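Undergrad:
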Amino acid sequence: MTDRGLPELAVNGGPPVREVMLPYARQCVDEADIAAVVAVLQSPWLTTGPAVRAFEEALAATAGVEYAVAVSSGTAALHCMVHALGIGPGDEVVVPAMTFSATANVVVHQGATPVFADVDPETLLMDPDSVAQRVGPRTRAIIAVDYAGQPCDYSRVSEVAQSVGAAVMADGCHALGATADGRPVGSIAHATAFSFHAVKHVAMGEGGAVTTADPAFAAAARSFRNHGIDSDHLQRARDGSWRYDLVDLGLNYRVTDIQAALGLAQLGHLPQWLDRRRALALKYDEALADFVGLSPLGHRPGVEHAYHLYVVRLLLDRWKVDRAAVFVALRAEGIGVNVHYIPVHLLSYYQEHFGYGEGLCPHAETAYESLLTLPLFPCMTDDDVADVVSALIKVYAAYGR
Ligand SMILES: *Cc1c(COP(=O)(O)O)cnc(C)c1O
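So the mapping is simple: the numbering used here equals the position in the sequence shown, first residue as 1, plus 490.
#1: Buried or exposed for Ala814, please, with buried defined as at least 16 other CB atoms from any protein chain shown within 10 angstroms of its CB.
#2: When you compare each of Gly695, Ala706, Gly697 and Thr603 to Glu556 by their alpha carbons, which one comes out closest?
#3: Go ahead and label Ala676 buried or exposed: buried means 16 or more other beta carbons lie within 10 angstroms of its beta carbon, across all protein chains shown.
#4: Would you say Phe714 lies against chain C (beta-carbon separation less than 8 angstroms)?
#5: Cα-Cα, which of Tyr831, Val561 and Val802 is closest to Ser685?
#6: Keeping to the same chain, check which residues put their C-beta closer than 6 angstroms to that of Tyr886; ignore five residues upstream and five downstream.
#7: Give me the Cα-Cα distance between Arg790 and Thr613, rounded to the nearest whole angstrom.
#8: Using only the alpha-carbon positions, how far apart do Ala693 and Ala566 sit?
#9: Determine the direct distance from the alpha carbon of Val510 to that of Asp729, and round the result to whole angstroms.
#10: Find the nearest neighbour of Asp610 within the set Arg891, Glu855 and Thr863, judged by alpha-carbon distance.
#11: From the DSSP output, in three-state form, read off Trp535 for me.
#12: Quick check on Thr863: does DSSP put it in helix, strand or coil?
#13: I'd like the list of long-range same chain contacts for Ser563, defined as Cβ closer than 6 angstroms, with 5 residues on each side in sequence excluded.
#14: Use the C-beta contact count for Glu842: other C-beta atoms within 10 angstroms, 16 or more gives buried, fewer gives exposed.
#15: Of the choices Pro618, Asp636, Gly639 and Gly667, whose alpha-carbon is the least far from that of Gln652?
#16: Indicate the three-state DSSP secondary structure (helix, strand or coil) for Arg673 in the structure shown.
#17: Taking Asp520 as the reference, which of Leu805, Ala755, Val650 and Cys851 has the closest Cα?
#18: Considering Met588, what are the terminal residues of the alpha helix (DSSP H) in which it resides?
#19: I'd like the list of long-range same chain contacts for His573, defined as Cβ closer than 6 angstroms, with 5 residues on each side in sequence excluded.
#20: Straight-line CA distance for Cys851 to Gln532?
#21: Do Thr629 and Glu582 come within 8 angstroms of each other at the CB atom, strictly closer than that value?
#22: At 3 residues or longer, and completely inside the stretch 832-891: list those beta strand (DSSP E) runs for me, N to C.
#23: Apply the 10 Å Cβ neighbour rule to Cys869 and answer buried if 16 or more other Cβ atoms are within range, or exposed otherwise.
#24: Using 8 angstroms as the threshold, is the stretch 622-640 in touch with the stretch 654-669, meaning 3 or more CB pairs across them?
#25: In the DSSP assignment, the alpha helix (DSSP H) including Gly564 goes from what residue to what residue?
#26: Hey, could you find the ends of the alpha helix (DSSP H) Asp775 is sitting in?
#27: Check whether the Cβ of Phe590 lies closer than 7 angstroms to any heavy atom of ligand 1, and answer yes or no.
#28: Would Ala796 and Val875 be called neighbours here (beta carbons separated by less than 8 angstroms)?
#29: Does the Cβ of Pro586 have 16 or more other Cβ atoms within 10 Å, making it buried, or fewer, making it exposed?
#30: Specify the secondary structure class of Tyr734 as computed by DSSP and reduced to three states.
#31: Have a look at Ala857 and Arg803 and give me their C-alpha separation to the nearest angstrom.
#32: According to DSSP, is Leu549 part of a helix, a strand, or is it coil?
#33: Since Pro618 is in the alpha helix (DSSP H), which residue starts that stretch and which ends it?
#34: Relative to the alpha-carbon of Ser645, which residue among His680, Gly667 and Ala638 has its alpha-carbon at the smallest distance?
#35: Using only the heavy atoms of ligand 1, determine whether one of them is closer than 7 angstroms to the beta carbon of Gly698.
#36: Compare the beta carbon distance of Ala881 and Glu823 with 8 angstroms and say whether it is the shorter of the two.
Right under this line is the structure:
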């Protein structure tokens, strides 16, 4: 106890709310998932074989599109996307400031320039008005990001894109299973990139995919993942042929059957996991409704949120300390909070190579100072949520005003 009769914060040597850290995200793997991986290890194909095909078919069905091309990461998926679109030197691609750096990095890898748009302060989704200010004759594409799992305003982003003849692409890495006006993410933009990194909705360890309804686009992505070769090993084995041609310059972005088998098994859990993520988010919403120290993000009408992340904004005038101190105190209590994201234009590389800096995207910059991501993953328990809320109340009692 402190001299004010409050429990001593763990950061000051008091007992923590939890002894073992609750992570902000974590994969959930069951026996059936493990058996699926073992079955591949006992099969003749370890990479780009039948499991990859089966995963692609299941993912395309989930995303409500014709084609899915599985690759080695979400970053590889984004890279396939900008390559398939023919983005190159002299081109500009508009991306939101509030995203993981990979969304912008792939544009740079193509020799093009990422142009950062600001976000809506309530939802932290790309603001179509800011996009409208950023587009111009060099704009070839806009990559929308469904931040935290909530689809952005695709109809307004599309209008802006059409006004300059740019394509709409999506970084859907947060949003597998989300819908907007009944349409699943993966089928809304011309092409969508997904990640199957361990913390995402479906875990492969590392993995990703591009979904699209455009057969030529899917073929270009498929070729780019395999060096730019016009066929893969499985096809050549089936055709009994050794011939191939190099029709494009690609990379090795292939994913293994081992990973794809895990992904396919995980995809089977997705409906229940989405329900669970939404139920956990609702628990947070309810438990934090009267908490004066923070506010959850706003919701757009007409969307089904996939809740990759549960993000809150600290109301900083209610605290005697800054976000960094709250972060450290919560971590000390055993709550693995995180921050998504440092606005990408403020990262050193973008400041040094593109001359970007503070003032470019004020809403993203202001929001960043107050952001905290609370733990959320489908195999988290109701007691885990209660621990997060207890820790927030405990830390607020010491640091709030
Ligand atoms: C995870 C993520 C990526 C990158 O995916 P990897 O599989 O880690 O390469 C890209 N964009 C966003 C928004 C992400 O969350």
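Idealized CB from N, CA, C, for every residue including glycine. Every value quoted in this text rests on a predicted model; they were computed, and no experiment measured them.
TA: According to the data block:
#1: As a working note, residue 814 is residue 324 in the sequence shown. Ala814 should be labelled exposed.
#2: The sequence position of residue 556 within the sequence shown is 66, counting from 1. Selected option, being the one with the closest Cα: Ala706.
#3: Indexing the sequence shown from 1 puts residue 676 at position 186. Before going further, note that residue 676 is Gly rather than Ala in the sequence given. By the neighbour-count rule (16 or more Cβ atoms within 10 Å), Gly676 is buried.
#4: Absence of chain C from the displayed structure is noted, only one protein chain being present.
#5: Your numbering for residue 685 matches position 195 in the sequence shown. Comparing Cα positions, the closest option is Val561.
#6: Against the sequence shown, residue 886 aligns to sequence position 396. Excluding positions up to five away in sequence, the list reads Gly783.
#7: Counting from one through the sequence shown, the residue named residue 790 turns up at place 300. Counting from one through the sequence shown, the residue named residue 613 turns up at place 123. Near 8 angstroms, if we compare the C-alpha coordinates of Thr613 and Arg790.
#8: Mapped onto the sequence shown, residue 693 falls at position 203. Mapped onto the sequence shown, residue 566 falls at position 76. Whole-angstrom Cα-Cα distance: 16 angstroms.
#9: For the purposes of this step, residue 729 is taken as the residue at position 239 of the sequence shown. For the purposes of this step, residue 510 is taken as the residue at position 20 of the sequence shown. So the alpha carbons of these two residues sit roughly 54 angstroms apart.
#10: Along the sequence shown, one-based indexing puts residue 610 at 120. The candidate whose alpha carbon is nearest that of Asp610 is Glu855.
#11: Taking the sequence shown and counting its residues from 1, one reaches residue 535 at position 45. Correct three-state label for Trp535: coil.
#12: By 1-based counting over the sequence shown, the position of residue 863 is 373. Reduced to three states, the DSSP call for Thr863 is strand.
#13: Against the sequence shown, residue 563 aligns to sequence position 73. Hits under 6 angstroms: Glu696 and Gly698.
#14: Counting from 1 along the sequence shown, the entry for residue 842 is found at position 352. By the 10 Å Cβ count, Glu842 comes out exposed.
#15: Mapped onto the sequence shown, residue 652 falls at position 162. For Gln652, the nearest C-alpha among the options comes from Pro618.
#16: Position 183 of the sequence shown, counted from the start, is the residue given in the question as residue 673. Arg673: strand per DSSP, three-state reduction.
#17: The residue given as residue 520 occupies position 30 in the sequence shown. Cα-wise, what sits closest to Asp520 is Ala755.
#18: Mapped onto the sequence shown, residue 588 falls at position 98. Met588 -> no alpha helix (DSSP H), and no H or E assigned at all.
#19: Stepping through the sequence shown from its first residue, residue 573 is reached at position 83. Taking C-beta separations shorter than 6 angstroms and ignoring five residues to either side along the sequence, the partners of His573 in its chain run Phe714, following chain order.
#20: Along the sequence shown, read from residue 1 onward, the residue named residue 851 stands at position 361. Along the sequence shown, read from residue 1 onward, the residue named residue 532 stands at position 42. Rounded to whole angstroms, Cys851 to Gln532 spans 52 angstroms at the Cα level.
#21: Indexing the sequence shown from 1 puts residue 582 at position 92. Indexing the sequence shown from 1 puts residue 629 at position 139. In this structure, Thr629 lies closer than 8 angstroms to Glu582 by Cβ.
#22: 861-864
#23: Here residue 869 corresponds to residue number 379 of the sequence shown, with the count starting at 1. With fewer than 16 other Cβ atoms within 10 Å, it is exposed.
#24: yes
#25: Position 74 of the sequence shown, counted from the first residue, corresponds to residue 564. Annotation: the continuous alpha helix (DSSP H) that includes Gly564 extends over Gly564 to Ala574.
#26: For the purposes of this step, residue 775 is taken as the residue at position 285 of the sequence shown. Where Asp775 is concerned, the enclosing alpha helix (DSSP H) stretches over Asp747 to Leu778.
#27: As a working note, residue 590 is residue 100 in the sequence shown. The answer is yes for Phe590.
#28: Numbered from its first residue, the sequence shown carries residue 796 at position 306. Numbered from its first residue, the sequence shown carries residue 875 at position 385. No, the Cβ-Cβ distance between Ala796 and Val875 is not below 8 angstroms.
#29: Numbered from 1 along the sequence shown, position 96 holds the residue referred to as residue 586. Result: buried.
#30: Reading the sequence shown from its first residue, position 244 is the one you call residue 734. In this structure, Tyr734 counts as coil in the three-state DSSP scheme.
#31: For the purposes of this step, residue 857 is taken as the residue at position 367 of the sequence shown. For the purposes of this step, residue 803 is taken as the residue at position 313 of the sequence shown. If you draw a straight line from the Cα of Ala857 to the Cα of Arg803, it is about 7 angstroms long.
#32: Position 59 of the sequence shown, counted from the first residue, corresponds to residue 549. If DSSP states are grouped into helix, strand and coil, Leu549 belongs with the helices.
#33: Walking along the sequence shown from the start, residue 618 turns up at place 128. Pro618 -> alpha helix (DSSP H) spans Pro618 to Arg624.
#34: Locating residue 645 in the sequence shown gives position 155, where the first residue counts as 1. Looking at the Cα atoms, His680 is the closest of the given residues.
#35: Taking the sequence shown and counting its residues from 1, one reaches residue 698 at position 208. At least one heavy atom of ligand 1 is nearer than 7 angstroms to the Cβ of Gly698, so yes.
#36: Within the sequence shown, the letter at position 391 stands for residue 881. Within the sequence shown, the letter at position 333 stands for residue 823. For Ala881 and Glu823, yes; Cβs fall inside 8 angstroms.
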